[in-house]
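For the record, in the sequence shown the residue sitting at position 431 is 430 according to numbering that gives the first Met the number 0, with numbers rising by one throughout. For each residue, glycine too, the CB sits at the ideal point set by N, CA and C.
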Amino acid sequence: MLAAQTDISELPGKVQDAIDASAAQAAKAFTPHGLLSYHAGIAALCRLGRGDGLALAFVNAAPSIARELGEDVLDELVQEALRLASKTSGAVIERLLETAPLAASRLGDAEVFHGYLSLIHHIAANAPRALRPMLDKLDTLLGQLTLGGLRRWAQWGIHAHRTHFDDQVRYFGLDSAESLAIVQQERRGTLFVDVHRRIGMYLRALFGRDFIIRPTAGDFESRNGYRPSIDEYLIHLPDAYDDVGNVGGLDIYRAASVHAAAHVVYTTDRLSSEGLSPLQIAAVNVVEDARIEALAMQHFPKLRQLWSRLHMASPAQCAALGDYLDRVARALLDPAYVDDDAIVADARSHFARAHRDLRSNLVSHDIGLALAERLSALPITARAADAVRSAPYRDDNRHTWEYRGYDTRAALEERYRFSHQQRRHVNLMEFVNEIDTETAGDDAQEVWVLKSELFPYEDGGVSYNAVEGAQAQAAPLPYPEWDYRIQMQRPAWAQIIESLPAQGDAARIDAILARHKPLTGRLHRLIEALQPQGVQRLRKQEDGDEIDLNAVLDAWTDLRRGQMPDSRFMLRHKRSVRDIAVLILLDLSESANEKLAGSEQRIIDLALEAAVLTADTLERIGDPFAIHGFQSDGRHAVHYRRFKDFKHAYDAQAKGRLCGMRAELSTRMGAALRHATHLMHKQPQGQKLILVLTDGAPADVDERDPQYLRQDAKKAVEEARRAGVTTFCLSLDPQADDYVERIFGRSHAMVLDNIARLPEKLPALYAALTK
């Protein structure tokens, strides 16, 4: 949020007058915190130096946008306006702010509006001249296109007229036949924004209650929208429906919304998906859809006619398991549907016997499992989870199942509870007289901190903090993250949490050096070649520190011979100094606990040995170095450990922290690289190197797309390169050639096929990179 206390009296007079004029509307549209953010946004636009028009446009637009989508989207709008300042004129930014209420009302959802701002940013980066004419025609465009259609129309214009600016302006201003043809091609049948109020009243008339309905921009990259879905109490419907046969888009919206509402009304308990195959889940979904529709039709019989028109399955369809599931879905809904297949007839018979008591979804569970068992015996090798493709109104059934792996609501509540924990610094007497729980846990609402240690009476040698205290932890540091799917950075998306590493047995360091004594001998000889050689004398220079007498004599000899002498007879002294700082960044994810094939040694043990030998090498060379590690538990908890820092000596304490490192959790590499780059900025050396040691691809528990974190790591490497920091990756994954080279570059990555040679390779690699 941009929320901050802003002195309105310091703003220009016209802006103050506009704020006063809209004060009544703003008070109704904003919470007190949102009002602060609103004023901070106005001040930020004034400081942009593009005139008062931007702030005036925002003052007029903000209340209506907040009423439509919520006040949080205003921060995104202001941030986008500030980003556009380097790409386009103030008049275009002002036009963006003026048309924002129109976009908010037509798009109807905060997430879809976020996608719209991403599209604006993309157009500004690739075709800035196109923004103004497009914004002037925004009412026409959003009246006919979904966000996905608008994106495809814009992409066509960008690529077709990338170098022809006049044609580009005509295209985005809808002044060319080509542009109108693409609009007609991308036009969808019925838009959500045109019917959502009628749909809301329709559901209220049927069920006597309100439902929150939101659009989803499902056709962002394809012409097919997302299926409807239910997320807790929110019903998400596609932002457009094409007609299906003789069924109009409005009737499809009615069918989809009442089906989703029936799920919300008639599903009292979730089913467990634990131990079920995709085919079993798909079969249970089909029966559960029939169950909630049967309950709805007990009160509203005419719904059968609405839903039946959208089922297209026929007995002729039998090529895939999904075809059978389509046929079963139609048979359970429509008594007039004729299908003599034994599996379809058996499912219909079981459902008819249970029809008297459909209040429990255990009926769906039992019939679905029996159906899946019959289907699994069919000689069909097709995707088992293909389900109910011919009924576009049915949702994805996520509301039916209880997934115990990750409880979103509980996680948000836990995060809120911890983020609001208060710390108070008190003196000893306050602590003794007022404390309720001397050893409060991490979930305490308030933690009291003493300025000095407190020792118990029974054992004065050990303090309470040493026995009960938690590890010191710094405030989270936010970093952006690159989302390749929308081609922009999400600001403050990942959080780095630095905490003090646990202490281990520093004696392990001496044992490692003793075990690798032959290797350390070879490394010491390598070190001698890398160490600075003092002052070098560079001869034959145009200018320098003193005259080179040998070069003067040679020049005099050439003159006596009648030849042109060499005028380079100066001598320069050059001091040979290594000017490099290196940060060794260790991937400490759970996979590092795996053992090597045919050995009891773990990958993390080899990483420790490699770090120890490299640190010994760096200590002897004299190069400033740091050894850090990272592991992650979602984007809000990227743990960063500093075992040895640049400003700290490589002493027993640093060695103990290094020996105490543990491998757990996941690998969010991009955030760790950005933090490491930030730390390298503080180093005065001319050369800066981050040496990454990892055993797998970037991955995390909250991101299923395998390319998302890889693309983010690649972007972090590019950011480091622009900042003057070189990154090099040594991967222990034998299958990593493809993705490691894409992230770090072919010349900045190495895949170690024989992991056992890691302790030997890492110091030698550093020597080769910095010689």
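Worksheet item: Distance, Cα to Cα, N96 vs V700?
Response: It should be pointed out that residue 96 corresponds to Leu in this sequence rather than to Asn. Going from the Cα of L96 to the Cα of V700 covers about 37 Å.
Practice prompt. Flag this pair as yes or no: are the beta carbons of P477 and A493 separated by less than 9 Å?
Written response: yes
Practice prompt. Would you be able to state if there are at least three C-beta pairs under 8 Å between the region 589-604 and the region 659-668?
Written response: yes
Worksheet entry | Three-state secondary structure assigned by DSSP to R177 | Here the sequence assigns Glu to residue 177, which means Arg is not the residue at that position. In the structure shown, E177 sits in a helix (DSSP, three-state: H, G or I).
Worksheet item: R507 by DSSP, collapsed to three states: which one?
Response: helix
Worksheet entry | Status (buried if at least 16 other CB within 10 Å, exposed otherwise) for M563 | exposed
Worksheet item: Identify the residues that DSSP records as bridge partners of Y478: which are they?
Response: A493
Worksheet item: Just reading off the beta strand (DSSP E) that T162 is part of, what are its end residues?
Response: Counting along the chain, T162 falls outside any beta strand (DSSP E), and DSSP gives it neither H nor E.
Item to complete: For the alpha helix (DSSP H) holding P277, just list the boundary residues, first then last.
Response: 277-298
Discussion item. Bridge partners for Q682 per DSSP, in chain order?
Written reply: Residue pairing by DSSP places Q682 in no beta bridge whatsoever.
Worksheet item: Are the beta-carbon atoms belonging to V724 and S730 less than 9 Å from one another?
Response: No, they are not a contact pair.
Worksheet entry | Beta-carbon contacts of I229 that lie in its chain and below 8 Å, excluding the five residues immediately before and after | H235, A259, H262, V263, D394, R397, H398
Item to complete: Return the residue from the list V750, E372, A341 that minimises the CA-CA distance to L275.
Response: Nearest Cα to L275 within the set V750, E372, A341: E372.
Practice prompt. Determine the DSSP secondary structure at Y240, reduced to helix, strand or coil.
Written response: strand
Worksheet entry | Separation of F29 from E9, as counted between CA atoms | 22 Å
Worksheet entry | Contacts around D138, its chain only, beta-carbon distance under 7 Å, and the 5 residues preceding and following it disregarded | L101
Fill in: Stretch pair the region 708-716 + the region 593-602: three plus CB contacts closer than 8 Å
Too few Cβ pairs lie closer than 8 Å, so no.
Discussion item. Taking the straight line between their C-alpha atoms, what separation do you get for A123 and K687?
Written reply: 34 Å
Item to complete: Specify whether the region 301-314 and the region 327-334 touch according to this definition: at least 3 beta carbon pairs, one from each stretch, less than 8 Å apart.
Response: yes
Worksheet item: For Y639, which of helix, strand or coil comes out of DSSP?
Response: strand
Discussion item. According to DSSP, simplified to helix, strand and coil, what is D218?
Written reply: At D218 the pLDDT is 48, less than 50, meaning the model places this residue with poor confidence and gives no usable figure here.
Item to complete: Along the beta strand (DSSP E) that carries G628, what are the first and last residues, could you check?
Response: 624-631
Worksheet item: Where does K86 sit, in a helix, a strand or coil, going by DSSP?
Response: coil
Discussion item. With a threshold of 8 Å, are at least 3 pairs of Cβ atoms found where one atom belongs to the region 276-289 and the other to the region 236-249?
Written reply: The region 276-289 makes no contact with the region 236-249: fewer than 3 CB pairs, one atom from each, lie closer than 8 Å.
Discussion item. For Q540 and M569, what's the separation of their Cα atoms in angstroms?
Written reply: Taking the straight line joining both Cα atoms gives about 5 Å.
Fill in: Other residues of its chain near V551: CB distance less than 6 Å, five sequence neighbours each side excluded
F568
Worksheet item: Assuming A330 contacts R347 under a Cβ cut-off of 8 Å, what Cβ separation, rounded to an integer in Å, is found between them?
Response: A330 to R347, Cβ: 5 Å. Contact.
Worksheet item: For Y232, does the count of other Cβ atoms within 10 angstroms reach 16, so buried, or fall short, so exposed?
Response: exposed
Worksheet item: For A25 versus A54, is the C-beta distance shorter than 9 Å?
Response: no
Practice prompt. Compute the Euclidean distance between the alpha carbons of H349 and R213, then round it to the nearest angstrom.
Written response: 36 Å
Fill in: Helix, strand or coil at V14 [DSSP, three-state]
helix
Worksheet item: Where R66 and A653 are concerned, what is the direct C-alpha to C-alpha distance, given to the nearest angstrom?
Response: 55 Å
Worksheet item: Should A651 and A505 be called a contact, given that it needs their Cβ atoms to be closer than 9 Å?
Response: yes
Fill in: Proximal residues to Y37 (C-beta, below 6 Å), its chain only, five neighbours per side dropped
F29, A61
Worksheet item: Helix, strand or coil: which one does DSSP assign to K760?
Response: helix
Practice prompt. Assess, as a yes-or-no matter, whether the region 139-152 is touched by the region 161-169 under the definition of 3 or more beta carbon pairs within less than 8 Å.
Written response: no
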